[in-house]
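Trainee: In the numbering used here, the protein residues as written are 1 to 78.
A virtual CB, placed ideally from N, CA and C, is assigned to each residue, including glycine.
Got a structure for you, questions after.
Okay, here's the thing in structure tokens:
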């Protein structure tokens, strides 16, 4: 089940709770996406959805390891 409180705890632990945050996942973790959707100034996307606007609009970019791997694979194909 989605836990917005846990998501907020994660942002607080990373000292980014008061900033515009973009969390990039490797695959669609439905519960994380739903939890992040309820948090103001936070956006959760998958690496496939990554775009320049979201990166430039965020104060903090958080990449999950699987997200970095997927981005690397996508860029290596080009």
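Would residue 29 and residue 58 qualify as a contact pair, given that the criterion is a beta-carbon distance under 8 Å?
Mentor: Annotated as distal: residue 29 and residue 58, with beta-carbon spacing of 8 Å or more.
Trainee: Which residue's Cα is closest to the Cα of residue 38: 7, 73 and 77?
Mentor: 7
Trainee: Can you grab the Cα-Cα spacing for the pair residue 5 / residue 45, in whole Å?
Mentor: 19 Å
Trainee: Tell whether a beta-carbon distance below 8 Å holds between residue 42 and residue 71.
Mentor: It is not a contact, given that the beta carbons lie outside the stated cut-off.
Trainee: In three-state DSSP terms, what is residue 23?
Mentor: strand
Trainee: Considering residue 60, what are the terminal residues of the beta strand (DSSP E) in which it resides?
Mentor: 60-63
Trainee: Within 10 angstroms of its Cβ, does residue 35 collect 16 or more other Cβ (buried), or is it exposed?
Mentor: buried
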